[in-house]
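**Q** Take this structure, written in C-alpha cells, and hold onto it; I'll ask about it next.
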Amino acid sequence: MFDTLSDRLTSVLQNLRGKGKLSDADIDATAREIRIALLEADVALPVVREFIKQVKERAKGAEVSEALNPAQQVIKIVNEELIAILGGETRRLNLAKNPPSVIMLAGLQGSGKTTLAGKLALWLKKQGHAPLLVACDLQRPNAVTQLQVVGERAGVATFAPEPGNGVGDPVDVARRSIEEARRAQHDVVIVDTAGRLGVDEELMRQAADIRDAVTPDETLFVVDAMIGQDAVTTAEAFRDGVGFSGVVLTKLDGDARGGAALSVRHVTGEPILFASNGEKLDDFDVFHPDRMASRILGMGDMLTLIEQAEQAFDQEKAEQTAAKLGTGELTLEDFLEQMQAVRRMGPIGNLLGMLPGAGQMKDQLSQVDDAHLDRLQAIIRGMTPAERANPKMINASRRQRIAKGSGVTVRDVNDLVNRFFEARKMMQQMAGRFGFGAGNSATK
Ligand code: GDP
Numbered sequence: 070m071f072d073t074l075s076d077r078l079t080s081v082l083q084n085l086r087g088k089g090k091l092s093d094a095d096i097d098a099t100a101r102e103i104r105i106a107l108l109e110a111d112v113a114l115p116v117v118r119e120f121i122k123q124v125k126e127r128a129k130g131a132e133v134s135e136a137l138n139p140a141q142q143v144i145k146i147v148n149e150e151l152i153a154i155l156g157g158e159t160r161r162l163n164l165a166k167n168p169p170s171v172i173m174l175a176g177l178q179g180s181g182k183t184t185l186a187g188k189l190a191l192w193l194k195k196q197g198h199a200p201l202l203v204a205c206d207l208q209r210p211n212a213v214t215q216l217q218v219v220g221e222r223a224g225v226a227t228f229a230p231e232p233g234n235g236v237g238d239p240v241d242v243a244r245r246s247i248e249e250a251r252r253a254q255h256d257v258v259i260v261d262t263a264g265r266l267g268v269d270e271e272l273m274r275q276a277a278d279i280r281d282a283v284t285p286d287e288t289l290f291v292v293d294a295m296i297g298q299d300a301v302t303t304a305e306a307f308r309d310g311v312g313f314s315g316v317v318l319t320k321l322d323g324d325a326r327g328g329a330a331l332s333v334r335h336v337t338g339e340p341i342l343f344a345s346n347g348e349k350l351d352d353f354d355v356f357h358p359d360r361m362a363s364r365i366l367g368m369g370d371m372l373t374l375i376e377q378a379e380q381a382f383d384q385e386k387a388e389q390t391a392a393k394l395g396t397g398e399l400t401l402e403d404f405l406e407q408m409q410a411v412r413r414m415g416p417i418g419n420l421l422g423m424l425p426g427a428g429q430m431k432d433q434l435s436q437v438d439d440a441h442l443d444r445l446q447a448i449i450r451g452m453t454p455a456e457r458a459n460p461k462m463i464n465a466s467r468r469q470r471i472a473k474g475s476g477v478t479v480r481d482v483n484d485l486v487n488r489f490f491e492a493r494k495m496m497q498q499m500a501g502r503f504g505f506g507a508g509n510s511a512t513k
C-alpha cells in the first residue's frame with residue numbers, strides 16, 4: 070500500500086540526515102524531490118502544490134524545536150502536512166440518536182460497494198449493532214444475490230425485493246427497508262446502490278432519489294484506490310450529483326500508486342472514514358490520518374515517539390543523550406536516566422513497539438517488562454558513579470560486589486552489562502540511520 074510513494078519519501082528524507090543546518094537551497098531541493106514523488110504517485114496537482122507550499126514555508130520559517138535536529142524537523146513537518154492532507158483527526162461514523170441510522174453507499178460499479186456493505190455490517194455487528202443490508206442495486210443482474218451472499222458471510226440480515234416481481238423500484242425498496250428495520254429492530258440500515266461504469270446522469274438521479282427517500286445519516290462515497298487520477302474527477306461528480314458525507318478507500322492492498330485516492334479528501338473537503346485492503350470481510354479498518362501518514366513515511370510510530378520524548382524528557386538532557394547516541398559515548402548513568410524518563414511515558418511494552426525495526430526484535434522485546442526494568446535500575450544503582458560512567462571498568466570482582474549489593478546474581482549483572490554494550494552499539498547504528506545524534510551536536 071503506497072509502497073512506491075513511501076520508498077521515495079523515505080529516501081528523500083533520509084538524504085537530509087547528518088546535515089547540521091538546512092539552507093533554503095537544501096529545503097527547495099528537498100521540496101522538489103517530494104513534489105516529484107507525490108506527482109509520480111498520482112497525487113492530484115492542486116494537492117501537491119498546497120502540500121509543497123506549506124512544507125517550504127514551515128521549514129524555512131522560525132519553527133525551531135530544541136529537541137530535534139533540522140532533518141528531524143523537516144520529517145516532522147512533512148508528517149504533519151501529510152496528516153492534514155489526509156484529513157487531520159480521525160472521523161468517526163455518525164449514527165443517528167434515534168435508530169435506525171441509515172448509511173448509503175455510492176460509487177462506480179466495481180469500486181467495492183457490495184463488499185464494503187458486508188465489511189461494514191460485520192464491523193458494526195462486532196460492536197453490538199444489528200445491521201440490515203439493503204439491496205438497491207437492481208441494475209446489475211447478480212447484485213442482489215451478491216449482497217445476500219455477503220450478508221450471510223457476515224451473519225446479518227439482507228432486505229431485497231422479492232424475486233419474480235420484475236426489476237423493482239430501488240427507491241421503493243429503500244423506503245420499505247426502513248419500515249422493515251423498525252419492525253425487526255435493526256438499528257443500522259446499510260443501503261447498497263447501483264454502481265455505474267462511468268458517471269451516468271440517470272443513475273446519479275436514482276441515487277439522489279434514494280437519498281431523498283431515506284435521508285441517510287451518512288452517505289459514503291466508495292472509491293477504488295487503483296483507478297488513478299479518475300478518482301478525483303469521479304469524487305467531484307458524485308459530490309455534485311448525489312453529495313456525500315464521507316469517503317471509503319478500497320483496494321489499498323493493490324500495489325498501485327494510490328495517490329489520487331489520497332487527494333480525495335483535500336479536493337472534496339469530505340473526510341475518509343474507512344479503508345479496505347482485501348477481499349475478505351475483515352480486510353477493513355477505520356481510517357486514521359496520522360497512522361496512514363507515518364506508514365507512508367515508513368517510520369513506524371517514530372514520530373509519536375519523538376513527540377512523547379519531547380514532552381517527557383528534560384530537553385537539555387535529551388539533547389545531550391541524543392548527541393551521545395551517535396558517537397557511542399552513552400554511559401550507564403544516561404541509561405538509568407533514560408529508563409526513568411521512559412517509564413514516565415507509560416508501560417514499556419507500548420513504547421518499544423513503536424520503535425522502527427521493533428518487529429524484528431520481537432523476541433528480545435517480549436522479555437522486557439516493567440518488573441525487569443525495576444531490576445535493571447536496582448543493579449545500576451548498585452554501581453559507583455565511576456562504574457556508571459565507564460562500564461568497561463566493571464570487572465569480575467566489581468560484578469560480584471554489585472550483585473551482592475543489589476540482591477541479584479552475578480549472571481544478572483553480566484547480562485545487564487553485556488546488553489548495555491549491545492544496546493549502545495545498536496543505538497549508534499540506528500542513530501546513523503535516522504539522523505539522531507550527529508545533527509543534534511552539529512546544531513550546537
Ligand atoms: P461494487 O460493484 O461496487 O459493488 O463492487 P464489488 O463489491 O462487487 O467489488 C468489485 C470487486 O472488487 C470484487 O471482485 C471484490 O472482491 C473486489 N474488492 C472489493 N474490495 C476490495 C479490496 O479492498 N481489495 C481487493 N483486492 N479487492 C476488493
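With this note's numbering, you'll find the sequence shown wraps up at 513, consecutive numbering, no jumps. Cβ atoms here follow ideal geometry from the backbone N, Cα and C, with glycine treated the same way.
In its own chain, which residues sit with a C-beta less than 6 Å from the C-beta of Val242, not counting the 5 before and 5 after it?
**A** Excluding positions up to five away in sequence, the list reads Cys205, Pro230.
**Q** Determine the closest residue to Ala300 out of Gly179, Asp359, Ala190, with distance taken between C-alpha atoms.
**A** Out of Gly179, Asp359, Ala190, Gly179 has the C-alpha closest to the C-alpha of Ala300.
**Q** Looking at C-alpha atoms only, which residue of Ile103, Ile247, Val219 is the closest neighbour of Met173?
**A** Ranking Ile103, Ile247, Val219 by Cα distance to Met173 puts Ile247 first.
**Q** So, does the region 180-195 touch the region 337-354, judging by three or more C-beta pairs under 8 Å?
**A** They touch, by the three-pair rule.
**Q** Would Met408 and Gln446 qualify as a contact pair, given that the criterion is a beta-carbon distance under 8 Å?
**A** Yes, these two residues count as a Cβ contact at 8 Å.
**Q** Report the residue ranges of all beta strand (DSSP E) runs contained in full by the region 262-314; include only those spanning at least 3 residues, in chain order.
**A** As far as the region 262-314 is concerned, its whole beta strand (DSSP E) runs of at least 3 residues are 287-293.
**Q** Anyone know if the C-beta pair for Thr227 and Leu202 falls short of 8 Å?
**A** Contact: yes.
**Q** Looking at ligand 1, does it come within less than 7 Å of Glu348, judged from the CB to the closest heavy atom?
**A** True, at least one ligand heavy atom lies under 7 Å from that Cβ.
**Q** Let me know the secondary structure DSSP gives Asp256 once reduced to three states.
**A** Reduced to three states, the DSSP call for Asp256 is coil.
**Q** Any chance the region 261-279 sits against the region 146-154, with 3 or more Cβ pairs inside 8 Å?
**A** Taking 8 Å as the limit for Cβ pairs, the verdict is that the region 146-154 does not touch the region 261-279.
**Q** For Val81, does the three-state DSSP call read helix, strand or coil?
**A** Reduced to three states, the DSSP call for Val81 is helix.
**Q** What does the Cβ neighbour count give for Glu339, buried or exposed, with the cut at 16 atoms within 10 Å?
**A** Under this definition Glu339 is a buried residue.
**Q** So is Gly428 buried or exposed if we call it buried at 16+ other beta carbons inside 10 Å?
**A** Because Gly428 carries a pLDDT of 48, less than 50, the predicted location of this residue cannot be relied on, and the following value inherits that uncertainty. Classification of Gly428: exposed, given that the 10 Å Cβ count is below 16.
**Q** Looking at chain D, is there any beta carbon in it that lies within less than 8 Å of the beta carbon of Phe343?
**A** Among the chains of the structure shown, chain D does not appear; only one protein chain is present.
**Q** Please state whether DSSP places Asp403 in a helix, a strand or coil.
**A** The answer is helix: DSSP assigns Asp403 an H, G or I state.
**Q** By how many angstroms is the C-alpha of His441 removed from the C-alpha of Gly224?
**A** For Gly224 and His441, the distance between alpha carbons rounds to 45 Å.
**Q** Return the residue from the list Ser80, Leu399, Asp261 that minimises the CA-CA distance to Ala175.
**A** The option with the nearest alpha carbon to Ala175 is Asp261.
**Q** What separation, rounded to the nearest whole angstrom, lies between the Cα atoms of Pro139 and Thr400?
**A** So the two alpha carbons sit approximately 26 Å from each other.
**Q** I believe Arg334 touches Val311 by the beta-carbon criterion, under 8 Å. Please report the beta-carbon distance rounded to the nearest angstrom.
**A** Actually they are not in contact, since the Cβ atoms of Arg334 and Val311 sit about 17 Å apart, beyond 8 Å.
**Q** Is it the case that the Cβ atoms of Gly297 and Leu177 are separated by a distance below 8 Å?
**A** Their beta carbons are not under 8 Å apart, which means Gly297 does not touch Leu177 by this criterion.
**Q** Could you check if Ala458 is buried or exposed, using at least 16 other CB atoms within 10 Å of its CB as the buried criterion?
**A** The residue in question, Ala458, is exposed, as its Cβ has fewer than 16 Cβ neighbours within 10 Å.
**Q** Looking at ligand 1, does it come within less than 7 Å of Thr262, judged from the CB to the closest heavy atom?
**A** Answer for Thr262: no, Cβ out of range of ligand 1.
**Q** DSSP state of Ser170, grouped into three classes?
**A** If DSSP states are grouped into helix, strand and coil, Ser170 belongs with the strands.
**Q** Per DSSP, what kind of secondary structure is Asp354 in: helix, strand or coil?
**A** Reduced to three states, the DSSP call for Asp354 is strand.
**Q** Going by the DSSP bridge assignment, what does Val203 pair with across the sheet?
**A** Val203 is bridged to Phe228, Val260.
**Q** So is Gly426 buried or exposed if we call it buried at 16+ other beta carbons inside 10 Å?
**A** Note that Gly426 has pLDDT 48, beneath the 50 cutoff, so the model's placement of it is unreliable and no number is given.
**Q** Tell me the rounded alpha-carbon separation between Phe489 and Gly451.
**A** For Phe489 and Gly451, the distance between alpha carbons rounds to 16 Å.
**Q** Hey, would you say Val477 sits closer than 8 Å to Ile448, going by beta carbons?
**A** Cβ atoms of Val477 and Ile448: closer than 8 Å.
**Q** Could you pull out every residue in the same chain whose Cβ sits closer than 6 Å to the Cβ of Ile152, ignoring the five residues on either side in sequence?
**A** Pro358, Asp359, Ala362.
**Q** Would you kindly report the start and end of the unbroken beta strand (DSSP E) that includes Ile463?
**A** It is not in any beta strand (DSSP E) - Ile463 carries neither H nor E in the DSSP assignment.
**Q** Would you say the beta carbon of Gln446 comes nearer than 7 Å to a heavy atom of ligand 1?
**A** Gln446: no, Cβ never under 7 Å from ligand 1.
**Q** Taking all protein chains shown into account, decide if Thr214 is buried (16 or more other Cβ within 10 angstroms of its Cβ) or exposed.
**A** It counts as exposed.
**Q** Assuming Glu287 and Ser314 make a contact with CB atoms under 8 Å, what is their CB distance in whole Å?
**A** The pair is a contact, with the Cβ atoms about 5 Å apart (cut-off 8 Å).
**Q** Should Val482 and Pro460 be called a contact, given that it needs their Cβ atoms to be closer than 8 Å?
**A** No. Outside cutoff.
**Q** For Ile96 and Lys129, I'd like the C-alpha separation in whole angstroms.
**A** Answer to the nearest angstrom: the Cα atoms are 7 Å apart.
**Q** Does DSSP classify Ser180 as helix, strand or coil?
**A** Of the three classes helix, strand and coil, the one that applies to Ser180 here is coil, per DSSP.
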